[in-house]
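Peer 1: In the order they appear, the protein sequences are chains P and C. Oh and the first sequence: position 321 is 321 in the working numbering, straight run, nothing missing. Oh and the second sequence: position 76 is 579 in the working numbering, straight run, nothing missing.
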Amino acid sequence: MNLRHQIRRFGAALACVAGAMLATDAHAQGQNRGDREQTIAIKADTVHLGNGETIENGVVLIVGGKIAGVGPGLAIPRGATVIEVERSSVTPGLIDAYARLERVDPFDAARRESGRGRLAEIVRRMHGDHETGAFACTCTGFDLCPAGHMHFEYEVDGVTCPLCAFPNHMPMEAASGLVSTASLTESSSEVVAHTSVLDSINLRGADFDRLAGGGVTTVFVSPDSAAVIGPRGAIVRTGGPVRGRVVEEQSAVQAAMNSDTFRFGPGNNPPFRGFVTNQTRRPNTRMGVTWVFRKAFYDSARHAEGLPVSGADTAPLAALDVLHRVRVGEVPLRVHARQKNDIESAFRMGREFGLSFTLLEATEAYELIDLLKDADATVVFGPIEADPTGPRRFTPEARRGRLGTFRELLDAGVRTALTAQDLRDENGLARQAMYAVWSGVSPGDALRAVTLTPAEILGIDDRVGSIEAGKDADLVVWSGEPLDPTSRPLLVLINGRVEVDRR
Amino acid sequence: MIGTQRKRPVRRRRGLGRFGAGLIALSACAGLAPASERASEIVAGKVLQPDGTWRESAAVRLDRSGRIASVTDSDDQAPRGASAGAHVYRDAYLTPGLIELASQIGLAANASEQTSPDQMDLSAGAVFDPFDRDSIAALRAGITSAMIVPTPRAPLAGRASVVRTAPGEGGRADVVKLDSAGVFSVAPGVTNTLFGPTSRAGAMGMIRDAVGQARRGEGDAFIRAALGREAGCVVIGLTADDVFTILGPFELAGVVPTVVLREETLDLALAMGEEIAETGYRFIVGQFGLSDRPETLAGPGVLAGFGGVLGFAGGTSADDPDALRRGVALATRYGLDPAAARRALTSDAARIAGVADRLGSIERGRDADLVVWSHDPLRPDARVIAVYVEGRRVYAAETDAATIDGWDDRAGRRQQR
Numbered sequence: 001m002n003l004r005h006q007i008r009r010f011g012a013a014l015a016c017v018a019g020a021m022l023a024t025d026a027h028a029q030g031q032n033r034g035d036r037e038q039t040i041a042i043k044a045d046t047v048h049l050g051n052g053e054t055i056e057n058g059v060v061l062i063v064g065g066k067i068a069g070v071g072p073g074l075a076i077p078r079g080a081t082v083i084e085v086e087r088s089s090v091t092p093g094l095i096d097a098y099a100r101l102e103r104v105d106p107f108d109a110a111r112r113e114s115g116r117g118r119l120a121e122i123v124r125r126m127h128g129d130h131e132t133g134a135f136a137c138t139c140t141g142f143d144l145c146p147a148g149h150m151h152f153e154y155e156v157d158g159v160t161c162p163l164c165a166f167p168n169h170m171p172m173e174a175a176s177g178l179v180s181t182a183s184l185t186e187s188s189s190e191v192v193a194h195t196s197v198l199d200s201i202n203l204r205g206a207d208f209d210r211l212a213g214g215g216v217t218t219v220f221v222s223p224d225s226a227a228v229i230g231p232r233g234a235i236v237r238t239g240g241p242v243r244g245r246v247v248e249e250q251s252a253v254q255a256a257m258n259s260d261t262f263r264f265g266p267g268n269n270p271p272f273r274g275f276v277t278n279q280t281r282r283p284n285t286r287m288g289v290t291w292v293f294r295k296a297f298y299d300s301a302r303h304a305e306g307l308p309v310s311g312a313d314t315a316p317l318a319a320l321d322v323l324h325r326v327r328v329g330e331v332p333l334r335v336h337a338r339q340k341n342d343i344e345s346a347f348r349m350g351r352e353f354g355l356s357f358t359l360l361e362a363t364e365a366y367e368l369i370d371l372l373k374d375a376d377a378t379v380v381f382g383p384i385e386a387d388p389t390g391p392r393r394f395t396p397e398a399r400r401g402r403l404g405t406f407r408e409l410l411d412a413g414v415r416t417a418l419t420a421q422d423l424r425d426e427n428g429l430a431r432q433a434m435y436a437v438w439s440g441v442s443p444g445d446a447l448r449a450v451t452l453t454p455a456e457i458l459g460i461d462d463r464v465g466s467i468e469a470g471k472d473a474d475l476v477v478w479s480g481e482p483l484d485p486t487s488r489p490l491l492v493l494i495n496g497r498v499e500v501d502r503r
Numbered sequence: 504m505i506g507t508q509r510k511r512p513v514r515r516r517r518g519l520g521r522f523g524a525g526l527i528a529l530s531a532c533a534g535l536a537p538a539s540e541r542a543s544e545i546v547a548g549k550v551l552q553p554d555g556t557w558r559e560s561a562a563v564r565l566d567r568s569g570r571i572a573s574v575t576d577s578d579d580q581a582p583r584g585a586s587a588g589a590h591v592y593r594d595a596y597l598t599p600g601l602i603e604l605a606s607q608i609g610l611a612a613n614a615s616e617q618t619s620p621d622q623m624d625l626s627a628g629a630v631f632d633p634f635d636r637d638s639i640a641a642l643r644a645g646i647t648s649a650m651i652v653p654t655p656r657a658p659l660a661g662r663a664s665v666v667r668t669a670p671g672e673g674g675r676a677d678v679v680k681l682d683s684a685g686v687f688s689v690a691p692g693v694t695n696t697l698f699g700p701t702s703r704a705g706a707m708g709m710i711r712d713a714v715g716q717a718r719r720g721e722g723d724a725f726i727r728a729a730l731g732r733e734a735g736c737v738v739i740g741l742t743a744d745d746v747f748t749i750l751g752p753f754e755l756a757g758v759v760p761t762v763v764l765r766e767e768t769l770d771l772a773l774a775m776g777e778e779i780a781e782t783g784y785r786f787i788v789g790q791f792g793l794s795d796r797p798e799t800l801a802g803p804g805v806l807a808g809f810g811g812v813l814g815f816a817g818g819t820s821a822d823d824p825d826a827l828r829r830g831v832a833l834a835t836r837y838g839l840d841p842a843a844a845r846r847a848l849t850s851d852a853a854r855i856a857g858v859a860d861r862l863g864s865i866e867r868g869r870d871a872d873l874v875v876w877s878h879d880p881l882r883p884d885a886r887v888i889a890v891y892v893e894g895r896r897v898y899a900a901e902t903d904a905a906t907i908d909g910w911d912d913r914a915g916r917r918q919q920r
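1. For a contact meaning CB atoms closer than 7 Å, what does P/Q202 contact in chain C?
2. Would you report the Cα separation of C/F786 and P/P391, rounded to the nearest angstrom?
3. Counting only Cβ-Cβ distances shorter than 7 Å, please list the residues of the stretch 699-714 of chain C near chain P, keeping chain order.
4. Relative to the C-alpha of P/I95, which candidate in P/V221, P/E426, P/S88 has its C-alpha closest?
5. Can you pull the chain P neighbours of C/T748, defined as C-beta to C-beta under 7 Å?
6. Whose C-beta lies closer than 8 Å to the C-beta of C/D872 among residues of the same chain, with five residues either side of it excluded?
7. Less than 8 Å separating the beta-carbons of C/R656 and C/G692?
8. Return yes when the Cβ of C/G838 is within less than 8 Å of the Cβ of C/L885, no when it is not.
9. On the criterion of 16 or more Cβ atoms from any shown chain inside 10 Å, does C/D712 qualify as buried, or is it exposed?
10. Which residues in chain C sit within 8 Å of P/N315, going by Cβ to Cβ distance?
11. Would a C-beta distance cut-off of 8 Å place P/G93 and P/L491 closer than the cut-off?
12. P/E231 touches chain C at which residues, Cβ-Cβ below 7 Å?
13. Taking Cβ positions, are C/A844 and C/V858 nearer each other than 8 Å?
14. Just list the residues that DSSP pairs C/M650 with in beta bridges.
15. Go to P/R407, then tell me how far its alpha helix (DSSP H) extends in each direction, as first and last residue.
16. Who are the near neighbours of P/G69 in its chain, counting only those whose CB is closer than 7 Å to its CB and skipping five residues on each side?
17. Using the beta-carbon count (16 or more within 10 Å), is P/K373 buried or exposed?
18. Alpha carbons only, please: which of P/E408, P/P332, P/E385 is nearest the one belonging to P/A398?
19. How is the alpha helix (DSSP H) around P/I201 delimited, first residue to last?
20. The beta strand (DSSP E) that contains C/F815, what's its start and end?
21. Quick check for students: name the residue ranges of the beta strand (DSSP E) that lie wholly in the stretch 677-754 of chain C, counting only runs of 3 or more.
22. Could you confirm whether any beta carbon from chain C is found closer than 8 Å to the beta carbon of P/E190?
23. Along chain D, in chain order, which residues have C-beta atoms closer than 9 Å to that of P/T238?
24. If you drop the 5 nearest sequence neighbours on each side, which residues of the same chain put their C-beta closer than 7 Å to that of P/L317?
25. Report the three-state DSSP secondary structure of P/D209 (helix, strand or coil).
26. Taking contact to mean at least 3 C-beta pairs separated by less than 8 Å, is the stretch 727-736 of chain C in contact with the stretch 773-780 of chain C?
27. Just curious, the alpha helix (DSSP H) that P/D445 is in, first and last residue?
28. Listing by chain order, which chain C residues have their CB less than 8 Å from the CB of P/E186?
29. Report the rounded CA-to-CA distance for P/S487 versus P/G50, giving the unit in angstroms.
30. In chain C, what lies closer than 8 Å to P/H194 by C-beta?
31. Would you please verify whether the beta carbon of P/A296 is less than 8 Å from any beta carbon of chain C?
32. Suppose you measure from the CA of C/A834 to the CA of C/A826; what does that come to, to the nearest Å?
33. Just reading off the alpha helix (DSSP H) that P/K340 is part of, what are its end residues?
34. Can you tell me the Cα-Cα spacing of C/V546 and C/R636, whole angstroms?
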């Protein structure tokens with residue numbers, strides 16, 4: 001049965017929807033094929049190369065999705081598509097080396113809205129319309145209705161469930177089989193380096209469109225810090241054909257040296273009557289976090305030598321294999337720490353096991369400029385904000401930030417990239433570079449911190465990060481100077497393909 | 504038929520006492536006929552062919568073991584009474600027994616063990632109850648077999664089994680294939696805050712690990728068999744994105760699993776496109792109802808349009824078994840080819856369940872699991888007239904039968920009321 005025949009059968013309204021989708025797809029494929037040969041020339045008042053240099057009245061030539069050349073008054077070949085916007089500037093596509101994605105999935109929606117009706121709706125979607133039986137509380141085994149009636153009242157009153165006695169227990173979700181930890185990170189163990197964040201995210205999610213709309217073309221998709229040694233992150237493009245978006249599927253392992261590990265995820269509680277689960281066995285102090293980190297790396301060394309590992313907190317063996325590869329330098333490591341003492345702990349652990357790592361967030365880095373300089377550290381700093389927002393609001397660790405920290409790091413010669421983490425649009429990555437300029441950093445250095453520096457840190461600077469012949473044509477055309485508060489990304493190109501067009 | 508039903512209870516009442524009488528009364532209420540002689544020939548006005556189209560008046564001859572011996576053009580001039588045991592439904596439609604996939608029939612919420620995320624040792628068929636109300640209702644709705652799956656509460660959810668909805672010899676469950684497929688799921692129901700996994704990444708980690716071990720020839724013997732195609736693999740997701748994610752490790756292993764997805768099939772179809780036919784993907788879609796959005800209902804048609812092989816899922820124990828047929832009819836209304844829809848209920852469903860050599864089509868050598876309908880089963884007003892399992896008529900709707908022109912039982916009891 002051919003497709004046209006298929007579409008005719010849909011009914012008028014649906015045919016429009018599906019037809020448009022098919023047409024877009026076909027168009028995209030056609031365009032993609034064309035891109036291999038297509039030549040595009042972008043003319044702009046200013047071209048920021050990403051390495052700190054600037055070309056006035058420059059031309060960027062793109063052939064087959066790659067940058068073919070850049071320079072002032074470059075000859076434009078015949079037949080090239082010319083993009084020229086008055087008073088515009090061009091930068092490389094921005095790179096966020098620590099992007100935290102919004103989760104777009106049914107359980108998270110249930111948790112955010114936290115309404116019985118919404119949850120019941122999802123249960124219906126999953127299990128059909130019946131309202132009774134089949135659902136049991138995972139701690140008591142009692143049958144419940146899908147909306148979790150029995151537990152719901154206790155939750156509203158803010159007292160512990162008298163049956164299972166877990167204060168942070170989420171019985172509504174547990175009862176319905178919908179378990180949300182509001183976390184991308186697997187938290188069944190404190191060491192889950194064998195899992196990959198790419199398995200948790202939706203590459204078709206709307207968050208990528210928001211990133212691309214803000215001029216961000218490549219991100220390191222970061223797990224959150226719900227486990228001491230979390231999953232491996234992934235490097236992905238924010239636009240283009242979904243199958244071709246993943247740049248690196250298994251990137252760095254990300255560890256957390258902070259209190260998130262016992263604040264986020266399912267929460268840690270003292271064992272109740274010896275009933276040990278993944279809600280009880282985890283650390284609930286900084287000592288515990290350090291211990292889990294140390295034991296995991298110690299065990300990875302034993303495991304690599306074929307010696308047995310033991311103890312209640314022993315990590316999955318597959319995770320230990322990955323940590324062994326971290327120790328020998330095959331897999332990069334990132335450590336998320338905000339407070340001064342946590343950053344110090346991270347470097348202490350690093351010295352103990354001979355690890356080099358990239359420090360993330362580093363809110364109180366201004367306290368430790370000398371340490372970072374001596375350790376030849378690499379930092380992904382940010383976001384710069386007056387008051388902590390998002391997940392950082394709920395931890396006391398992010399309250400003592402300073403506007404000038406990034407400048408101090410750069411002045412000390414510490415290799416530092418900027419990140420916006422979960423912030424988008426008006427607080428997105430471009431704005432982070434703008435705040436850096438307000439604190440006294442030169443525009444060239446600020447731009448480098450969101451383009452070439454993160455590309456170097458992620459090890460993808462041979463492909464992206466600056467405007468240079470041979471690199472992928474990930475470019476942003478701005479309506480003015482990129483760090484001017486009134487300018488916006490007009491065009492975003494990924495691999496030479498126009499993904500955002502606001503002309 | 505009425506005669507035999509009425510006689511037997513009288514005879515048995517003495518032997519079985521009050522309890523037995525109750526049981527028999529129940530079975531009489533359910534309209535289930537006691538196991539009778541096998542029919543030797545079934546003649547119908549329209550007979551469904553394996554390609555999903557109708558063949559005009561054909562006679563299906565059965566052998567003594569309850570298999571189909573031949574399908575020939577029926578001859579109206581055949582001498583009456585020449586073959587005792589010939590059942591003639593002249594204006595009726597004859598199809599193979601419908602096969603419901605990813606079904607929970609007869610499981611009574613028994614098939615979800617949550618003590619560990621690895622339940623690959625559990626076969627749904629081991630806890631199947633053929634005397635469950637659902638099983639009886641399904642049989643009356645023309646569903647003679649089902650691929651039952653464990654409730655996916657773990658990433659390695661267990662093994663799917665193919666069962667008949669009618670009880671077998673001695674009232675035992677008639678399990679056609681106990682280990683039909685390994686079931687893997689990343690739908691939200693698999694996460695568990697107590698024992699893990701707590702995230703899709705964790706669930707995927709377990710699946711990758713299990714499949715990886717099987718590829719190296721280690722780990723669970725059943726998963727190795729499933730990857731080696733001795734059994735199938737079934738993957739379950741709630742969204743199209745779940746499906747793209749879970750297919751990853753199977754792609755690496757060179758295995759093409761059957762995909763279970765209810766919503767977002769349109770997204771899946773448009774994203775996969777030509778790849779569906781090239782790779783030979785099979786899908787279990789549904790169950791659909793009148794409240795579903797047009798995009799949801801259009802998905803199966805587009806999947807089939809791209810060359811996907813479809814089967815339809817059943818509902819939960821609280822659903823009306825006719826919902827299976829109604830869902831397929833809705834998908835047909837939104838673009839699914841009617842022949843493909845009939846195949847999705849019969850021959851394609853049997854292929855997906857891995858029992859195509861025994862069930863799902865009216866061809867020589869297949870078991871004579873047959874259903875007589877008043878109309879094309881895709882029509883909402885079609886009713887079941889009779890259900891045969893291995894050539895035995897296990898259900899007959901008497902009132903309907905009387906309304907069908909020329910309904911005749913050459914076994915000797917003419918049913919005209």
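Each residue gets a CB set at the ideal place from its N, CA and C atoms; glycine is no exception.
Peer 2: Result, derived from the coordinates:
1. Reading the sequence as shown, one finds Asn at residue 202 of chain P and not Gln. Near P/N202 (Cβ distances below 7 Å), the residues of chain C are D744.
2. 40 Å
3. G699, P700, T701, S702, R703, A704, G705, M707, G708, D712
4. P/V221
5. D199
6. P599, G600, T647, S648, R667, L862, Y891, V892, E893
7. yes
8. According to the sequence displayed, residue 885 of chain C carries Ala and not Leu. Cβ atoms of C/A885 and C/G838: not closer than 8 Å.
9. buried
10. The identity of residue 315 of chain P in the sequence shown is Ala, whereas the question assumes Asn. Here the premise fails: no neighbours, minimum Cβ distance about 12 Å.
11. no
12. Per the sequence shown, residue 231 of chain P should be read as Pro rather than Glu. Going along chain C in sequence order, the residues near P/P231 (Cβ under 7 Å) are A704.
13. no
14. C/V665
15. 405-411
16. L61, A469
17. exposed
18. P/E385
19. No alpha helix (DSSP H) contains P/I201, which DSSP labels as neither H nor E.
20. 812-815
21. 678-688, 735-739
22. no
23. No chain D is present in this structure, whose protein chains are P and C.
24. H303
25. helix
26. no
27. 443-448
28. G699, P700, T701, S702, A704, G705, G708
29. 18 Å
30. G708, D712
31. no
32. 12 Å
33. 340-353
34. 30 Å
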